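To keep things clear, I will list the structure first and then write my remarks on it.
Protein chains: 2
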Amino acid sequence: MPEKTFAFSELYEAWPVLSISERVEGFELLQRDDAEEFFLQLSPPDQAQMILALPPGERRLWMRLLAPDEAVDVIQEAPAEEREALLLLLDEPTRREIKGLLDYAEDQAGGLMNPHYARLRPDMTVDEGISYLRKDARNRTETVYYAYVVESDQRLLGVASFRDLFATHGDKLVQEVMRTDVVTAPEHMDQEALSHLFVRHNLQMIPIVDSDRRIKGVVTLDDIVDVVQEEATEDIHKIGGMEALEGPYLQIPLFRMVQKRAGWLAALFLGEMLTATAMGHFEAEIARAVVLALFVPLIISSGGNSGSQASTLVIRAMALGEVGLRDWWRVIRRELATGLALGSILAAIGLARILLWQGLFHVYGEYYLLVALTVSLSLIGVVLWGTIAGSILPFILRLFGFDPASASAPFVATLVDVTGLVIYFSVAEMVLRGTLL
Amino acid sequence: MPEKTFAFSELYEAWPVLSISERVEGFELLQRDDAEEFFLQLSPPDQAQMILALPPGERRLWMRLLAPDEAVDVIQEAPAEEREALLLLLDEPTRREIKGLLDYAEDQAGGLMNPHYARLRPDMTVDEGISYLRKDARNRTETVYYAYVVESDQRLLGVASFRDLFATHGDKLVQEVMRTDVVTAPEHMDQEALSHLFVRHNLQMIPIVDSDRRIKGVVTLDDIVDVVQEEATEDIHKIGGMEALEGPYLQIPLFRMVQKRAGWLAALFLGEMLTATAMGHFEAEIARAVVLALFVPLIISSGGNSGSQASTLVIRAMALGEVGLRDWWRVIRRELATGLALGSILAAIGLARILLWQGLFHVYGEYYLLVALTVSLSLIGVVLWGTIAGSILPFILRLFGFDPASASAPFVATLVDVTGLVIYFSVAEMVLRGTLL
Numbered sequence: 011m012p013e014k015t016f017a018f019s020e021l022y023e024a025w026p027v028l029s030i031s032e033r034v035e036g037f038e039l040l041q042r043d044d045a046e047e048f049f050l051q052l053s054p055p056d057q058a059q060m061i062l063a064l065p066p067g068e069r070r071l072w073m074r075l076l077a078p079d080e081a082v083d084v085i086q087e088a089p090a091e092e093r094e095a096l097l098l099l100l101d102e103p104t105r106r107e108i109k110g111l112l113d114y115a116e117d118q119a120g121g122l123m124n125p126h127y128a129r130l131r132p133d134m135t136v137d138e139g140i141s142y143l144r145k146d147a148r149n150r151t152e153t154v155y156y157a158y159v160v161e162s163d164q165r166l167l168g169v170a171s172f173r174d175l176f177a178t179h180g181d182k183l184v185q186e187v188m189r190t191d192v193v194t195a196p197e198h199m200d201q202e203a204l205s206h207l208f209v210r211h212n213l214q215m216i217p218i219v220d221s222d223r224r225i226k227g228v229v230t231l232d233d234i235v236d237v238v239q240e241e242a243t244e245d246i247h248k249i250g251g252m253e254a255l256e257g258p259y260l261q262i263p264l265f266r267m268v269q270k271r272a273g274w275l276a277a278l279f280l281g282e283m284l285t286a287t288a289m290g291h292f293e294a295e296i297a298r299a300v301v302l303a304l305f306v307p308l309i310i311s312s313g314g315n316s317g318s319q320a321s322t323l324v325i326r327a328m329a330l331g332e333v334g335l336r337d338w339w340r341v342i343r344r345e346l347a348t349g350l351a352l353g354s355i356l357a358a359i360g361l362a363r364i365l366l367w368q369g370l371f372h373v374y375g376e377y378y379l380l381v382a383l384t385v386s387l388s389l390i391g392v393v394l395w396g397t398i399a400g401s402i403l404p405f406i407l408r409l410f411g412f413d414p415a416s417a418s419a420p421f422v423a424t425l426v427d428v429t430g431l432v433i434y435f436s437v438a439e440m441v442l443r444g445t446l447l
Numbered sequence: 011m012p013e014k015t016f017a018f019s020e021l022y023e024a025w026p027v028l029s030i031s032e033r034v035e036g037f038e039l040l041q042r043d044d045a046e047e048f049f050l051q052l053s054p055p056d057q058a059q060m061i062l063a064l065p066p067g068e069r070r071l072w073m074r075l076l077a078p079d080e081a082v083d084v085i086q087e088a089p090a091e092e093r094e095a096l097l098l099l100l101d102e103p104t105r106r107e108i109k110g111l112l113d114y115a116e117d118q119a120g121g122l123m124n125p126h127y128a129r130l131r132p133d134m135t136v137d138e139g140i141s142y143l144r145k146d147a148r149n150r151t152e153t154v155y156y157a158y159v160v161e162s163d164q165r166l167l168g169v170a171s172f173r174d175l176f177a178t179h180g181d182k183l184v185q186e187v188m189r190t191d192v193v194t195a196p197e198h199m200d201q202e203a204l205s206h207l208f209v210r211h212n213l214q215m216i217p218i219v220d221s222d223r224r225i226k227g228v229v230t231l232d233d234i235v236d237v238v239q240e241e242a243t244e245d246i247h248k249i250g251g252m253e254a255l256e257g258p259y260l261q262i263p264l265f266r267m268v269q270k271r272a273g274w275l276a277a278l279f280l281g282e283m284l285t286a287t288a289m290g291h292f293e294a295e296i297a298r299a300v301v302l303a304l305f306v307p308l309i310i311s312s313g314g315n316s317g318s319q320a321s322t323l324v325i326r327a328m329a330l331g332e333v334g335l336r337d338w339w340r341v342i343r344r345e346l347a348t349g350l351a352l353g354s355i356l357a358a359i360g361l362a363r364i365l366l367w368q369g370l371f372h373v374y375g376e377y378y379l380l381v382a383l384t385v386s387l388s389l390i391g392v393v394l395w396g397t398i399a400g401s402i403l404p405f406i407l408r409l410f411g412f413d414p415a416s417a418s419a420p421f422v423a424t425l426v427d428v429t430g431l432v433i434y435f436s437v438a439e440m441v442l443r444g445t446l447l
């Protein structure tokens, strides 16, 4: 860790709980270079808030410290009525650039890219190229490791890493050193797909090109780390059965948090009401054999748990690009086998438990063997069904254009609870007819 | 996308379903440079499998293509009895280096680092530095963007980015250009903590130092992207209520997958058995008022769902470093307020539903108002309890050194199911005594 001044670390630690005016106050206490570093590590919403809270005379300075792709994020995070004012803080060429970038959605390749990149001409020598890059480096805000070789109309010809340039004799031509098989991405590519490209090809930087292969900017790996974190957080929140918070837990206003959670919770509650309806259908059976009611939570929760496992696995495999829509049949086949195995394991445990308790406490009456059979058979059926439902639901959601991560553990559990009850009582009717029922 | 040969893309797509011999066969068909690129993008376990499946004469070539940190991963993934043979494929200096790296655990900073990095002396001029780096670049396997300035005993003095070097006049000294506030990490730092350092400081590369501040190697951002993906996947699997798969879904052998899932599922099942015990205690009440049984799934699942939301939020906030152990009280306070709000919303919906159904179908008997009151009050209690339990469980797990992500949705649901039943039947006894009970 760098040795930071006390003011820096103190502000860093306290940041989440400070009010806006306290933040500004602490920020103004920092030394200039600490302040710059502190400002650059803030999230875009905090940067926007900070700039807008500073006296108008100081705003320009901080706005201009940002790389173009960061400035875009800050402007997108600011309230609509402040955006124009923030844009006016920038110099004319940057403003034009940023206006171009603002046309892209935040989660598109174009919205992540930096329009500044190192470019070379194919007919330069390597020595000329290196000294050109040296001059050019003084004007650029982001570190660069690759130089893109372009024609005069910006069409991409190839790429030369600094290492390639460095390791070659200086009188070779750039076009002799460059690689022509460049991994590129279109402007409107979704950020998740873009992150797969980075991971799959192990890249530091990807040039973003239009349909004529003209280079518009570059996306660097550090933007992708944020994307990967963000997408995982969104998926985790959805898997937990709510909307993605889209902000640090401790900083979301309480009302907003209740909103994000109440919607799904209420929807699940409405779905779960069908269990009361299903149970109502079997009210007479329950009245005759109260012992059946005792196992209801055990059986339906086992279906929910196995469904939660299956849906979580499939959701994550889809997000990582390991499983696509066309793999549905392979997935179902695996889950069928897995569900059968898991159901049998639980059935065996359930059987042993009932026999043991009966031996010890005689709690399940004279037909305890039939009750045990009912529970075991139901467990196999419910776990199998939970596994299948959990694994197929993400495919169905994706097929209809929804986010597969919405197949949350609670959603699957709710779905499986209702059908689980029907399975359980149907098995009970078959096994116990003429005895308990 | 680069235009790849048909053989390359075909092999890439089919890879997950191919047997080892089919993989080797397809691999041998690739052109040399395609084969290199293909090999380098494989996961370490696949690289290990591939090298071991090739004829002994070809192995050396592929093993030497790997950067030292990648070679370490391959050796760690290979069966114990093959490791020595793989080590022998390397040249003597590399072998010594790798043996040093093998002492670190795979998930430690030392296990991720590359021992090769660009180094400069403080008293070189920038021009000398750049031409030294040019010569040095020919011997190094990884692209570098930072040069570390070290004393003769390898103690770290500072860092100069290539951009700094490039943008400075050539006759300045390296020590005038370098920054001395370098973010470093100790050799044994956990990879998750290391990834926080990268994200927090927005870095491309972090030097790993020993206790005397001697630099041992560097970790680059591309290794961290993998770490971030991996850690998120592990957490997601645990949140789904199972052990982390540690491999792509479609490639895990079926038996291994059942193992990873059966353990937790059986543990949850054993826990959930307590619901049967709890229900057994209220068997007399259920027999007298079967209507109570109808709402059991609705009520306990609402507690489970709200608990799943709370635990998922806290787990993710902890993984991102937004919430630490000392924040427990702030979290509980937020969740208390949230739980009360959410419980009241569900209680209102539940009340409306029972009154509506009673109006339409007269299904809940003469004491329907008291039943509705029981359900509503229980919902507030159960949701509040679910929220509190879900948010505090990750803290407890972490306090005792367990992974907070083990507070999975199913685990919390199971915990809340049992207590939810007790809450429900206790409320029922209070509200319905003298009427239904």
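The listed protein sequences correspond, in order, to chains A and B. Following the numbering used here, the numbering of the first sequence begins with 11 at its first residue and continues without gaps. Following the numbering used here, the numbering of the second sequence begins with 11 at its first residue and continues without gaps. Think of the CB as a built atom: it goes at the ideal place given N, C-alpha and C, for glycine as much as any other residue. This one's a predicted model, so the numbers in the text were calculated from it and none came from an experiment.
{"query": "Nearest candidate by alpha-carbon position, reference ILE390 of chain B, set B:ALA417, B:ALA357, B:THR384, B:PRO307", "result": "B:ALA357"}
{"query": "Minimum Cβ-Cβ distance from ALA45 of chain B to chain A less than 8 angstroms", "result": "no"}
{"query": "Chain A contacts made by the stretch 202 to 231 of chain B, where a contact means CB separation under 9 angstroms", "result": "SER205, LEU207, PHE208, VAL209, ARG210, HIS211, ASN212, LEU213, GLN214, THR230, LEU231"}
{"query": "Three CB pairs or more closer than 8 angstroms across the stretch 156 to 176 of chain B and the stretch 198 to 212 of chain B", "result": "no"}
{"query": "Best match in B:PRO26, B:ILE225, B:GLY334, B:ASP117 for proximity to LEU260 of chain B [C-alpha to C-alpha]", "result": "B:PRO26"}
{"query": "Backbone CA spacing between GLY227 of chain B and PRO125 of chain B [nearest angstrom]", "result": "4 angstroms"}
{"query": "Chain-ordered chain B contacts of GLN51 of chain A [CB-CB under 8 angstroms]", "result": "ARG210, HIS211, ASN212"}
{"query": "In DSSP terms, what LEU183 of chain B is bridged to", "result": "B:THR135"}
{"query": "Best match in A:ARG343, A:LEU446, A:VAL426 for proximity to LEU380 of chain A [C-alpha to C-alpha]", "result": "A:LEU446"}
{"query": "Cβ distance (whole Å) where PHE279 of chain A is taken to contact ILE309 of chain B below 8 angstroms", "result": "So it is not a contact: roughly 10 angstroms between Cβ atoms."}
{"query": "Cβ of ILE296 of chain A within 8 angstroms of any chain B Cβ", "result": "yes"}
{"query": "Residue range of the beta strand (DSSP E) that includes THR230 of chain A", "result": "225 to 230"}
{"query": "Any C-beta of chain A under 8 angstroms from that of GLY525 of chain B", "result": "In the structure as shown, chain B begins at 11 and stops at 447. Residue 525 of chain B is therefore absent and cannot be evaluated."}
{"query": "Proximal residues, the stretch 259 to 273 of chain A versus chain B, C-beta separation under 7 angstroms", "result": "TYR259, LEU260, LEU264, MET267, VAL268, ARG271, ALA272"}
{"query": "C-beta atoms of LEU407 of chain B and ALA419 of chain B nearer than 8 angstroms", "result": "no"}
{"query": "Distance, HIS179 of chain A Cα to GLU38 of chain B Cα", "result": "33 angstroms"}
{"query": "Extent of the continuous beta strand (DSSP E) run through LEU40 of chain A", "result": "Note, LEU40 of chain A: premise wrong, no beta strand (DSSP E); not H, not E."}
{"query": "ALA170 of chain B in three-state terms, based on DSSP", "result": "strand"}
{"query": "Contact set between GLU94 of chain A and chain B, taken where Cβ atoms lie within less than 8 angstroms", "result": "Near GLU94 of chain A there are no residues of chain B at all, since even the closest Cβ is about 28 angstroms away, more than 8 angstroms."}
{"query": "Given 8 angstroms, three or more beta-carbon pairs between the stretch 227 to 245 of chain B and the stretch 164 to 177 of chain B", "result": "no"}
{"query": "Local Cβ density within 10 Å of THR412 of chain B, reported as buried at 16 or more and exposed below that", "result": "Inspection of the sequence shows that residue 412 of chain B is occupied by Phe rather than by Thr. It counts as exposed."}
{"query": "7 angstroms CB neighbourhood of ALA288 of chain A in its chain, flanking five on each side removed", "result": "VAL428, LEU431, VAL432"}
{"query": "Those runs of the beta strand (DSSP E) which lie wholly inside the stretch 74 to 150 of chain A and span at least 3 residues", "result": "128 to 130"}
{"query": "Pairwise C-alpha distance: GLU80 of chain B and SER53 of chain B", "result": "10 angstroms"}
{"query": "Close-in-space but distant-in-sequence residues of the same chain around LEU112 of chain A (CB under 8 angstroms, 5 per side omitted)", "result": "VAL82, ILE85, GLN86"}
{"query": "The stretch 395 to 409 of chain B in contact with the stretch 320 to 329 of chain B per 3-pair CB rule at 8 angstroms", "result": "yes"}
{"query": "ALA438 of chain B at chain A interface by Cβ criterion, 8 angstroms", "result": "no"}
{"query": "Nearest candidate by alpha-carbon position, reference SER19 of chain B, set B:SER31, B:PHE48, B:LEU361", "result": "B:PHE48"}
{"query": "Within chain B, partners of ALA347 of chain A - CB distance below 7 angstroms", "result": "LEU264"}
{"query": "Same chain only: Cβ atoms within 8 angstroms of ARG298 of chain A, ignoring 5 sequence neighbours per side", "result": "LEU446, LEU447"}
{"query": "Chain-ordered chain B contacts of ARG144 of chain A [CB-CB under 8 angstroms]", "result": "PHE176, ALA177"}
{"query": "Straight-line gap, ARG344 of chain B to ALA95 of chain A (C-alpha atoms, nearest Å)", "result": "36 angstroms"}
{"query": "DSSP beta-bridge partners of TYR374 of chain B", "result": "Answer is none; TYR374 of chain B lacks a bridge partner."}
{"query": "Coarse secondary structure for ILE218 of chain A, derived from DSSP in three states", "result": "strand"}
{"query": "C-beta contact flag for TYR155 of chain A and GLN214 of chain A at 8 angstroms", "result": "yes"}
{"query": "Straight-line Cα distance separating ALA24 of chain B from GLU332 of chain A", "result": "12 angstroms"}
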